[in-house]
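Please read the structure below before turning to the comments.
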Amino acid sequence: MKESPDYEIVAVMMIVSVTLISGISANVTAYIIIITGYAEARMLSLSHELDNIWKEAQDHYRTLTNFEIGKRKDEAKKQRILNQYVSDRLKDIIAQHATLKLFYAKLKDELKGILGIGLFLLIAGLLFNLLGGLRNTYMMVPFVFMQMAMDCFIGQKMKDAAVVFYRSVYACGWENFEKSNMKMVLVMLQNSQRITVLSAGGIMNVNYKCLMATMRGSYSSYAAFESSVNK
72 MKESPDYEIV AVMMIVSVTL ISGISANVTA YIIIITGYAE ARMLSLSHEL DNIWKEAQDH
132 YRTLTNFEIG KRKDEAKKQR ILNQYVSDRL KDIIAQHATL KLFYAKLKDE LKGILGIGLF
192 LLIAGLLFNL LGGLRNTYMM VPFVFMQMAM DCFIGQKMKD AAVVFYRSVY ACGWENFEKS
252 NMKMVLVMLQ NSQRITVLSA GGIMNVNYKC LMATMRGSYS SYAAFESSVN K
């Protein structure tokens, strides 16, 4: 194998194989991380804004009343100012959340085929590595596992961000709002309950459960093949 020209041929084949396998998968994974990271960050920022919306409304009211020193404080006027601020912020948050939901749906549709094919190939690769014997493939198994774990981690983080937003909607202090603002919160709560998650070919959701199920299924298949071969 180390004699010329076999060594050079094998070296070229290895370089091409590693470039195609690692390079393409790394670029696709980086693209998915950037896109999903942006969506997650936007969802978490909206959650933070909802958590503090009533406090910011009170700060806004105090800022306005500082310019009206000596005037009688009117409770009805205070509630009007507070709820007007909340209404403006809720309308903006609802619009941004609707845009993010649409982005999530498009992202799910775009990545559904890629993640499905990738997950199938990774499962097959993990199974073949196990069948080849860990002594011969111990350096390949971590690569396959990390690729699979990265996809599942991305899907889980997107789901967690949507759950955080849903909880923030319920904990935004809606009991202090007027009825029109309460209705907007109710609409947003209903929309946020429909959580969009990444899926692999529409077969299974890509998250930690998928990772555990894949590992368990791969090992079960390996054990079945191994026992049948030994017989």
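Quick note: the sequence shown, position 201, residue 272 per this note's numbering, numbers continuous.
C-beta atoms are modelled at their ideal positions from N, C-alpha and C, and glycine is treated no differently.
- With a cutoff of 9 Å on beta-carbon distance, LEU269 and LEU178 are scored as near each other.
- Annotated three-state conformation of ALA242 is coil, per DSSP.
- In summary, LEU135 is exposed, with fewer than 16 beta-carbon neighbours lying within 10 Å of its beta-carbon over all protein chains present.
- Within the same chain, Cβ atoms closer than 8 Å to the Cβ of GLN167 are found at ARG113 and LEU117, the five residues on either side in sequence being excluded.
- Rounded to the nearest whole angstrom, the CA to CA distance from GLN227 to ASN278 is 4 Å.
- Contact annotation: the stretch 99 to 107 touches the stretch 224 to 239, with at least three C-beta pairs closer than 8 Å.
- Not a single unbroken stretch of the beta strand (DSSP E) spanning 3 or more residues falls wholly within the stretch 147 to 217.
- Burial is judged here by how many other beta carbons sit within 10 angstroms of a residue's own beta carbon; PHE199 has fewer than 16 and is exposed.
- Secondary structure of ASN262 (DSSP, three-state): helix.
- Spatial neighbours of ILE185 in its own chain (CB-CB distance under 6 Å, excluding positions within 5 residues in sequence) are not present.
- Counted as a single uninterrupted DSSP element, the alpha helix (DSSP H) harbouring SER118 occupies residues 95 to 122.
- If you compare the alpha carbons of LEU171, LEU161 and ASP77 with that of GLY244, the shortest gap goes to LEU161.
- From the listed residues ILE103, ASN262 and LEU182, the smallest Cα separation to VAL234 is found for ASN262.
- In the three-state reduction of the DSSP assignment, ASN137 falls in the coil class.
- Taking a contact to require three or more Cβ pairs closer than 8 Å, the stretch 187 to 195 and the stretch 169 to 177 do not qualify as touching.
- The beta carbons of THR285 and LEU202 sit no closer together than 9 Å.
- For ASN278, the secondary structure class from DSSP, reduced to helix, strand or coil, is coil.
- Exclusion of the five residues before and after PHE296 leaves LEU202 as the residues of its chain whose Cβ lies within less than 7 Å of its Cβ.
- ILE103 is classed as buried because its beta carbon has at least 16 other beta carbons within 10 Å across all chains shown.
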